[in-house]
Amino acid sequence: MDIKHLQYFIEVTKFNSFSRAADHLYITQPTISKMIKNLETELGVLLFERSRKKLTLTDAGRIILEQAKLINQAFNNLESELDNLRGLEKGHIRIGLPPIFDAHLFLKIVGSFHELHPGITFQLVEDGSKKIEEDVANNLLDVGVVVLPTNNDIFQHFSFMEEDLLLILHPSHPLAENEEINLADLANESFIMFNKDFVLYDRIIASCNQAGFNPHIISESSQWSFIEEMVASKLGVSLLPESICSHLTKDVKPVRVVNPSISWNLALIWGKDQYLSYAAKEWLQFTKERLLKPGFYSFS
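Quick note: the sequence shown, position 196, residue 196 per this note's numbering, numbers continuous.
Here it is, written out as structure tokens:
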């Protein structure tokens with residue numbers, strides 16, 4: 001039995017389709033169908049109940065899928081261990097970054113590491129903290145940048161930045177000339193928010209509730225640049241991290257919020273009980289050392 005047989009079988013179950021699995025693997029459908037048929041012949045069981053409308057795993061198929069995943073994970077771990085022996089000549093690191101995060105200086109660290117180890121490749125995935133945590137927990141990402149707090153039973157973390165959220169509004173807004181604004185003064189404003197995949201959504205709602213009101217949300221987005229455009233178009237106000245506000249145009253005005261102020265704390269997370277490749281471990285240590293340098297993040 002070839003490991004490819006099991007990997008192809010896993011892909012078919014993932015997509016519940018021979019054709020979609022074949023497209024994802026960049027092979028033809030007859031090839032993957034033949035591989036599955038050979039696997040069924042070798043094992044002496046049917047893996048799927050086949051019909052025109054759908055594929056359904058048989059009882060034997062479900063048992064074999066569970067074991068196939070374990071074997072595939074062990075095979076991947078073996079490849080990772082071999083990478084260790086190669087001494088960073090090869091490797092792949094999967095990193096999750098929230099789009100609300102000002103990653104400019106952070107990506108310089110990735111670039112510096114790549115200069116030292118050009119054989120290491122990177123996969124950078126943009127998503128909200130909730131999805132990044134889910135993907136790290138499911139071993140789809142090696143490390144991720146998230147908003148604390150996180151689940152300490154599942155993740156190890158390294159906190160590297162804390163900053164306030166600032167109110168952004170149109171320069172013609174009556175509150176635009178204030179040096180600071182009480183959060184309660186925004187009770188009648190229309191809010192433009194990051195969507196519910198972002199921890200900041202929950203953080204802002206909770207802070208507004210603490211100030212005595214529930215925010216009137218007129219729009220949600222996953223991109224801070226689009227939020228800026230909506231505020232510049234006088235559709236409402238928003239709250240963005242201070243580091244992001246340093247990149248905004250003069251079409252919007254940032255103002256500090258107090259009573260209460262709203263902050264976020266960013267951290268790198270990685271799985272406690274999951275295998276971390278040698279390349280990922282080295283990158284993590286390299287990154288932590290640079291993030292600890294005084295003044296690494298400066299928003300002036």
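Glycine included, C-beta positions come from ideal geometry on N, C-alpha and C.
Predicted, not measured: the structure shown is a model, and the values here were computed from it.
From residue i to residue j, what distance separates their C-alpha atoms?
i	j	result
residue 94	residue 178	43 angstroms
residue 278	residue 77	11 angstroms
residue 286	residue 145	15 angstroms
residue 167	residue 150	25 angstroms
residue 45	residue 60	7 angstroms
residue 292	residue 31	51 angstroms
residue 225	residue 213	27 angstroms
residue 66	residue 73	11 angstroms
residue 239	residue 221	12 angstroms
residue 33	residue 20	12 angstroms
residue 108	residue 290	10 angstroms
residue 5	residue 264	46 angstroms
residue 241	residue 208	16 angstroms
residue 210	residue 186	13 angstroms
residue 122	residue 274	19 angstroms
residue 47	residue 159	47 angstroms
residue 299	residue 245	Bear in mind that a pLDDT of 42 at residue 299, under 50, signals an unreliable position, so the model cannot answer this.
residue 196	residue 127	11 angstroms
residue 26	residue 11	12 angstroms
residue 98	residue 63	37 angstroms
residue 112	residue 201	33 angstroms
residue 102	residue 7	37 angstroms
Is residue i helix, strand or coil by DSSP?
i	result
residue 281	helix
residue 101	coil
residue 59	helix
residue 220	strand
residue 49	strand
residue 1	coil
residue 135	helix
residue 54	coil
residue 309	Within the shown structure, residues of the chain are numbered from 1 to 300, placing residue 309 beyond reach of any answer.
residue 151	coil
residue 91	strand
residue 300	Reliability fails at residue 300, whose pLDDT of 40 lies under 50, so the model's placement of it is uncertain and the value that follows must be treated cautiously. Coil, per DSSP.
residue 126	strand
residue 111	helix
residue 121	strand
residue 198	coil
residue 37	helix
residue 248	coil
residue 8	helix
residue 16	coil
residue 74	helix
residue 21	helix
residue 276	coil
residue 68	helix
Between residue i and residue j, which are expected to be in contact by the criterion C-beta below 8 angstroms, what is the C-beta distance as a whole number of angstroms?
i	j	result
residue 190	residue 227	Rounded, the Cβ-Cβ distance is 13 angstroms, inconsistent with contact.
residue 262	residue 204	6 angstroms
residue 117	residue 269	22 angstroms between Cβ atoms; not a contact.
residue 42	residue 1	6 angstroms
residue 9	residue 39	6 angstroms
residue 384	residue 125	The structure shown has nothing for residue 384, since the chain only spans 1 to 300.
residue 271	residue 120	With a Cβ gap of about 20 angstroms, residue 271 and residue 120 do not count as contacting.
residue 267	residue 148	5 angstroms
Going by DSSP, what residues sit across from residue i in a beta bridge?
i	result
residue 156	270
residue 265	162
residue 171	Its beta-bridge partners do not exist; DSSP assigns none.
residue 190	216
residue 290	DSSP, once it has assigned bridges, lists no residue as partnering residue 290.
residue 106	According to DSSP, which records beta bridges pairwise, residue 106 is partnered with nothing at all.
residue 235	Bridge partners of residue 235: none, in fact.
residue 205	The partner list for residue 205 (beta bridge, DSSP) is empty, contrary to what the question assumes.
residue 180	256
residue 96	125 and 144
residue 240	166
Is the segment 11-19 close to the segment 39-56, with three or more CB pairs under 8 angstroms? yes
Per the contact definition of three or more C-beta pairs closer than 8 angstroms, is the segment 240-251 in contact with the segment 127-140? no
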